[in-house]
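Each step along the first sequence adds one to the number in numbering that gives the first Met the number 0, with nothing skipped, and position 261 is 260. The structure under discussion appears below in the form of structure tokens.
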Amino acid sequence: MGAGIAGALVGVVVGWYDEHARDLPWRAHDRTPWGVLVSEVMLQQTPVVRVEPAWRAWLERWPTPADLAAASSADVLRAWDRLGYPRRALRLQECARALVERHGGAVPDDEAALLALPGIGSYTAAAVRAFAFGRRAVVLDTNVRRVLARAVDGHALPAPSQTVAEVARAAAVVPPDDASAARWAQASMELGAVVCTARSPRCGACPLVSSCAWVAAGRPGDVHAHRRRTQGWAGTDRQVRGRLMALLRDAPAPVPEPALDDAWPATEQRARALAGLLADGLARELPSADDAPPSYALPS
DNA sequence: AATACGGGGCG
DNA sequence: CGCCCAGTATT
């Protein structure tokens, strides 16, 4: 793919974005880098529609890293509610504390400094750089991966796992200057999120339809379909952990062990899930009187 | 390179 | 009921 092709791709997608961008609160003019960072962590595997109200409440309650750093973990986990993967909430608070300790309570715009923060991986570090600071970054999420897989490679979906070569190819598409790179990041993600979707892409509304390699090939099926695995849910340890977490979240006081026992019938699996929560710092065991069963609560 | 890790909603 | 969602940390 030559620079000309990449340039045309970027121009078309950015032009489309200028007309069709969703009005999301973390894109508002008065957004802060902290607000952007919070949105990105919440959006790690949680859809926009569920993040939006949680993000508003979160930023109203903890408008700065220092505010979140000073909160109790129990409050943080309750505010996280059912966004899923509650370890993210704990890491976000650890991140806030690291920002206070290492960066004077501010979000850094340096790639290495961002990557060193808890819960911030390569995607989120790049997203914060681009969206909060307007800096050049290779923002490669599931949406951008899919857009490039289709438009450039002619594949229905990207490979199950991201490869070094794929990152290099994505980097080659990113314009050299900060402002254009940041706009491409925003625009390519948006296109994947609202038009070039995984399930039923709206090719009729896509600005790339006339140049898309996948459309040109007749929209062939997913070549990786045979080796994609489905992460189970019903009856898994993760469902049990979720049950126990919901109990602890919603309880006004420490929950006695017998109450947890009622949450899941399989003793061994329940014990394994509880041990996992304790190990992850999502729950704590309270001291109890002799001969009394222990109680459990969210961490303080 | 694989796995664990929530929870909900849609086709 | 399988699949997908602005991924990260660990093995």
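Backbone N, C-alpha and C define an ideal beta-carbon position, used for all residues, glycine too.
- Counting along the chain, S294 sits inside the beta strand (DSSP E) bounded by residues 294 to 296.
- Secondary structure at L113: helix, using DSSP grouped into helix, strand and coil.
- Between L243 and the set R269, T235, A252, the nearest pair of CA atoms involves R269.
- Minimum Cα-Cα distance from P117 among the listed residues Q185, R87, D176, A129 corresponds to R87.
- Under the 10 Å beta carbon count, P251 is surrounded by fewer than 16 other beta carbons and is classified as exposed.
- It is roughly 17 Å from the alpha-carbon of V35 to the alpha-carbon of W183.
- Within the same chain, P293, S294 come within 8 Å of S287 by CB-CB distance, once the 5 residues on both sides are set aside.
- Distance check between Q185 and each of R198, D140, E284 places D140 closest, using alpha-carbon atoms only.
- Look at the beta carbons and you see the region 121 to 130 not touching the region 89 to 104: under three pairs across the two are nearer than 8 Å.
- Taking the Cα positions, Q92 is about 44 Å away from V214.
- D289 and A258 have their alpha carbons spaced roughly 18 Å apart.
- Fewer than three Cβ pairs drawn from the region 56 to 65 and the region 2 to 20 lie within less than 8 Å of each other, which leaves the two stretches out of contact.
- Per DSSP, reduced to three states, the secondary structure at P52 is helical.
- Contact between the region 217 to 227 and the region 171 to 183 is absent: fewer than 3 CB-CB pairs across the two stretches fall below 8 Å.
- Between L190 and R240, the gap from beta carbon to beta carbon reaches 8 Å or more.
- Take D221, set aside five residues on each side of it, and the residues of its chain with a beta-carbon closer than 7 Å to its own are A155, L156, in chain order.
- Selection V11, S299, G83, R218 evaluated against P46 yields G83 as nearest (Cα-Cα).
- V254 is not a Cβ neighbour of A291, given a cutoff of 8 Å.
- Taken through DSSP and simplified to helix, strand or coil, L285 comes out as strand.
- Residue range 86 to 102 is occupied by the alpha helix (DSSP H) that includes Q92.
- Secondary structure of V254 (DSSP, three-state): strand.
- The residues C202, V214, in chain order, have a CB closer than 6 Å to that of V208 in the same chain once the five nearest residues on each side in sequence are set aside.
- The beta strand (DSSP E) runs of length 3 or more contained entirely in the region 105 to 172 do not exist; there are none.
- A direct Cα-to-Cα measurement between P107 and Q161 gives close to 26 Å.
- In the three-state reduction of the DSSP assignment, W232 falls in the coil class.
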